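Be aware that the sequence shown starts at 1, since it is given in my numbering, and climbs by one per residue. In what follows, a structure is listed as structure tokens, so that the remarks can point back to it.
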Amino acid sequence: MFLIGLYLARYIDWCAALSRRMRHWQILVIEMASFIGFVLCVKLMPVWVAAVYLVVIAIPVGIFAFSAFRGRRQRADDVSALQVQNQKSRKLLERSRNR
């Protein structure tokens, strides 16, 4: 069980590193292609093939997309927090200059 957690943690770290170099639309294309492939497997193939596709391809792609969007959202939140802090600092400086 520890080994599975270790591999999953390494995969999530790799996804986060790779997603920094990819554009937003590229990640969406990968996610949509995985979903369409899964739907085609469910419709055209036996159930066990769809289950293998889900475990081997669809779930890792979902983890990749989730970690990519989480990283982008976290960076955007950090930037907005820094902007708010910058505005507060400017207000304090303006108040000290006016005195």
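For glycine and all other residues, C-beta sits at the position ideal for the given N, C-alpha and C. Model, not experiment: these values are computed from the prediction.
Nearest to residue i (by Cα), restricted to the options the options
| i | options | result |
| --- | --- | --- |
| Glu31 | Arg73, Ala51 and Ile63 | Ile63 |
| Gly71 | Gly37, Ile36, Ser89 and Arg21 | Arg21 |
| Leu28 | Arg97, Ala68, Met45 and Ala9 | Ala68 |
| Trp25 | Phe35, Ile59, Ala58 and Ala65 | Ala65 |
Beta-carbon separation (whole angstroms), residue i vs residue j, contact threshold 8 Å
| i | j | result |
| --- | --- | --- |
| Gly37 | Tyr11 | At roughly 19 Å, the Cβ-Cβ gap does not stay under 8 Å, so Gly37 and Tyr11 are not in contact. |
Distance, residue j Cα to residue i Cα
| i | j | result |
| --- | --- | --- |
| Ala17 | Glu94 | 41 Å |
| Ile4 | Ala51 | 19 Å |
| Pro60 | Val79 | 29 Å |
| Cys15 | Ala33 | 17 Å |
| Asn86 | Arg23 | 28 Å |
| Val56 | Phe2 | 20 Å |
| Val39 | Met45 | 10 Å |
| Val47 | Leu82 | 50 Å |
Residue i, DSSP secondary structure in three states
| i | result |
| --- | --- |
| Arg23 | coil |
| Pro46 | coil |
| Met32 | helix |
| Arg99 | coil |
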